[in-house]
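Structure first, commentary second.
Residue numbers (full-length UniProt numbering): 1 to 208.
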């Protein structure tokens, strides 16, 4: 069973796709999912392009993904680790992307803390499992909206650990984007080095 989700800055799920993709390799799961198809076809209802804060540079709104996903004008992924090891600008970009992606990890950790059944295998039929996961995500959003703390939280923005046995990331794949998509990533990289820089990023980027 594979769950793909898009999470907002408040750790709420804005899109969830749950399904069985047993015969699919990791590289094909995203493209065959409803979320993947909508992003690829530009029908995902992404907000219109907007200027980066403090600049006149207009860029698309993007979803932050990891190495398993293909680069797209509305989906940014890290530079390959081998490149970031020898290019400080790419290392900083990867750090900033990773920092943003922690929101997704936090959302899953909070979801699992709200609903402890995710800390063990769900022994139900696939169709039932899909419904359980989808309903849990809906209830999670309601609890987040009401600012109900999950067990182990002392503040609504606290992060919580994931059950590592039950939540596994998709395998990394070197899927190259088009020239336009690569250029958008370069714009974000340059922004993080200029107007969008934060004072601690160099130190943190060098540690990853």
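Beta carbons are placed, not taken as given, at the ideal position from N, Cα and C, and that holds for glycine.
The segment 104–111 makes no contact with the segment 73–80: fewer than 3 CB pairs, one atom from each, lie closer than 8 Å. Excluding residues up to 5 positions away in sequence, 192, 201, 205 lie with their Cβ nearer than 6 Å to the Cβ of residue 92 in the same chain.
Around the beta carbon of residue 119, fewer than 16 other beta carbons lie within 10 angstroms, which makes this residue exposed. Taken atom to atom, the span from the alpha-carbon of residue 97 to that of residue 76 is near 8 Å.
Of the residues 109, 112, 124, 66, the one whose Cα lies closest to the Cα of residue 94 is 66. For residue 108, the enclosing alpha helix (DSSP H) has its first and last residue at 88–114.
Distance check between residue 74 and each of 46, 68, 108, 56 places 46 closest, using alpha-carbon atoms only.
The segment 25–45 makes no contact with the segment 134–147: fewer than 3 CB pairs, one atom from each, lie closer than 8 Å. In this structure, the CA atom of residue 85 is about 42 Å from the CA atom of residue 131. If you draw a straight line from the Cα of residue 53 to the Cα of residue 188, it comes to about 12 Å.
Of the candidates 32, 59, 15, the residue whose Cα lies closest to the Cα of residue 186 is 59.
Between residue 144 and residue 10, the CB-CB gap stays under 8 Å. Per DSSP, the unbroken beta strand (DSSP E) holding residue 14 starts and ends at 13–19.
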